[in-house]
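Accompanying notes for the structure given below.
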Amino acid sequence: MPDKPAATPGTRLTFWESMLRIPRQVVYLFIALAVIVPLFAPFVIRPTPSEPVVSLYNVIDSMPLERALVLSVDYTPDIEPELHPMTIVLLRHAFARRLKVGVLCLQIPGIGLADMAINQVVEEFNSRARTPQDSLRYGVDYIFWGFQTPLLTVLTGMGEDITKVFPVDANRTRTDSLPISREIRNYNNIGMVVSIAGSSLPLSWITYAQTVFGVKIGTGITAVSAADFYPYYSKTRQFSGLLAGMKGAAEYEQLVADGYPRSTAGLRRLATERMASQTTAHAAIMLLIIIGNVAFFATRKRKVKS
Amino acid sequence: MKRRLPLALVLIFGIWGILTFFLPHSVPQEIDSLFRNNTLRIMVVFALILGLSSLIRHHSEKIRRRREYYQYSWITLISLFITAVIGLFGGGLTPAHHGLLPTSIGGFSFHIATLYRYIIIPVQASMFAILAFFMASASYRAFRARNMAATVLLVAAFIVMLGSVPLSRQILDTLPGFAQFILDVPNTASKRGIAFGVGLGSIATSLKIILGIERGWLGGEK
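Chains as they are written, first to last, in the working numbering: chain W, 1 to 306; chain A, 307 to 528.
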């Protein structure tokens, strides 16, 4: 490494020189501890919702009950810790409002994660239901369309007839036989589509669904890709709202907890719990960067003097 | 003929694809809908066959010639075969939806959802988790304020990184707002410039392909 001062045999390293030569195993151990310790000894910092998160919440919260919320679950297990809490909290919000919900996948690995999220949230609500009318029924209150391809066919076809795009649902039941299909026919019956993805798929929703059919689009993306999506939110509002990374999910969890305390009381808030670990990991990385830079300048000054 | 037919098809369907955005009449819209909903799906099935056959051929060849790490090709092919059989004949998304084949022996389940939940999810999550260690090590070793540009990058990254944890508001109340400003203004300005450039470039390349000027996709001159 160019920054490593050459260790001449017999000479003692100064403190800052030794700081530049910290073995990578020590760095790995430091990061591992920063991630693991808060998981066992969590601390909660109350998230303050940012403007893009509040915007998404407001659109869903003010959506007419005859309009459905559609979730496009397009992330893979590698980014599940960041994006899965978004799917869960969006489902909780929609079900707390008794909005109809449709879930689809444009990528195959999303199917399993979407199925897990739906089962979890439906179970949460149904275990608290006091009457059959309170409980959520598949095909009446929600539907899981599953995976369909190609992209263009799905995004434009949903503007015409959803049962043609998804003739069968994820469990191979004919969609036209389900009562919910009479209420969610095409984009005219959809209040918003939220695309939760670790790729550029949310932009395709803008290109084909929002631009052509005028349907509102929200998105949930990883923190690392947030900078790519802000231009479509900040001034143009092509995205009606945006959840960026685990922080976005935690902020949304806070809004739903404040807005629907009865429906969400006692439920685990995954993103909020995980934020402790993310906070210490960020702090650890920033500390390493500071140490690296101070050591770099200190050793450089010494070199110039000598 | 071998070259002219694909070129003619690209010209016709390329121009047709553009025209349908400007022709609201029901006839072109119906034809367009037919292409999008039926023809395109049929073509995708052929792409799947092509992809699968390429994968099988590549790994079979590797095993046959005993190339380096050919043992992993066995794992790929066996996994592909088992997953495909279970996926095709093992029923629906959950074990409750039975298929032609049983997907459990006693308490041991090998249903497609079980494979996904207990193999794919942990494997992919572990692979990605390792990245955090490399990133931390790399940022410690390479993220240095060597010159003006590197300093600006370092400071911006520092603020955005700090702004993306709730702790930032405890440190300085205006910090999240400033991180948001970096994303909203300088980031949006540069990203939009890049997006315009890429968009115009894509249009130019698409036109060259549609008009037959760019023929690289035909697979060479022969």
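The beta-carbon is built from N, C-alpha and C at its ideal position, and this holds for glycine as well.
- Under DSSP, A:S410 forms a beta bridge with A:S415.
- Burial check for W:F297: the Cβ neighbour count within 10 Å stays below 16, so the residue is exposed.
- Under the criterion of beta carbons closer than 8 Å, W:S72 and W:S195 qualify as touching, at roughly 4 Å.
- Of all residues in the stretch 185–205 of chain W, none is placed with a Cβ closer than 7 Å to any Cβ belonging to chain A.
- Using a C-beta cut-off of 8 Å, the stretch 309–322 of chain A makes no contact with the stretch 131–148 of chain W, since fewer than three inter-stretch Cβ pairs fall below that distance.
- For A:A402, there is no enclosing beta strand (DSSP E), as DSSP gives it neither H nor E.
- When the five nearest sequence neighbours on each side are left out, the beta carbons in the same chain lying within less than 7 Å of the beta carbon of W:N189 are those of R67, A68 and E183, in order along the chain.
- DSSP places W:L178 outside any beta strand (DSSP E), giving it a letter other than H or E.
- The beta carbon of A:L513 sits closer than 6 Å to no other beta carbon from its chain once the five residues preceding and following it are set aside.
- In the three-state reduction of the DSSP assignment, W:T131 falls in the coil class, being assigned neither a helical nor a strand state.
- Taking CB atoms only, A:Q486 has a neighbour in chain W less than 9 Å away.
- DSSP places W:F15 outside any beta strand (DSSP E); the residue lies instead in the alpha helix (DSSP H), whose first and last residues are F15 to L20.
- Taking C-beta separations shorter than 7 Å and ignoring five residues to either side along the sequence, the partners of W:A284 in its chain run F30, I31 and A34, following chain order.
- When DSSP states are grouped into helix, strand and coil, W:T48 belongs to the coil group.
- If you compare the alpha carbons of W:S263, W:L201 and W:M19 with that of W:L152, the shortest gap goes to W:L201.
- The beta carbons of W:I45 and A:P472 sit closer together than 9 Å.
- Under the three-state reduction of DSSP, W:S200 is assigned to coil, being neither helix nor strand.
- Of all residues in the stretch 350–370 of chain A, only V350 place a beta-carbon less than 8 Å from a beta-carbon of chain W.
- Straight across, the Cα-Cα distance linking W:R12 with W:R21 is about 13 Å.
- DSSP places W:V35 in the helix class (H, G or I) of the three-state scheme.
- Residue range I217 to I221 is occupied by the beta strand (DSSP E) that includes W:I221.
- Of W:E160, W:G214, W:D169 and W:S234, the smallest CA-CA separation from A:I488 is found for W:S234.
- In the three-state DSSP reduction, W:A244 falls in the strand class (E or B).
- By the 16-neighbour rule on beta-carbons within 10 angstroms, W:R237 is exposed.
- By the C-beta criterion, the stretch 80–100 of chain W is judged to be in contact with the stretch 210–227 of chain W, since at least 3 inter-stretch pairs fall below 8 Å.
- With contacts defined as CB atoms closer than 9 Å, W:Y57 and W:Y232 fail to qualify as a contacting pair.
- Contacts with chain A at 9 Å (Cβ-Cβ) include W:P77.
- By the criterion of at least three beta-carbon pairs nearer than 8 Å, the stretch 285–292 of chain W is not in contact with the stretch 494–514 of chain A.
- Following the DSSP letters along the chain, one finds A:G469 inside the alpha helix (DSSP H) bounded by residues M454 to G469.
- Burial state of A:I355 is exposed, judged by a 10 Å Cβ sphere holding fewer than 16 other Cβ atoms.
- A223, A226, A227, D228, Y230, P231, S234 and K235: these are the residues of the stretch 216–239 of chain W whose beta carbon lies less than 8 Å from some beta carbon of chain A, given in chain order.
- From the listed residues A:T420, A:T389 and A:S385, the smallest Cα separation to A:A402 is found for A:T420.
- Among the residues facing chain A, W:Y260 is not included, as its CB has no counterpart in that chain under 9 Å away.
- With its beta carbon less than 9 Å from one in chain A, W:K247 belongs to the interface.
- Within the stretch 277–295 of chain W, contact with chain A at the beta-carbon level (separation under 8 Å) is assigned to Q278, T279, A281, H282, A283, A284, I285, M286, L288, I289, I291, G292 and N293.
- With a beta-carbon spacing of about 7 Å, A:L325 and A:P334 fall inside the 8 Å limit used to define contacts.
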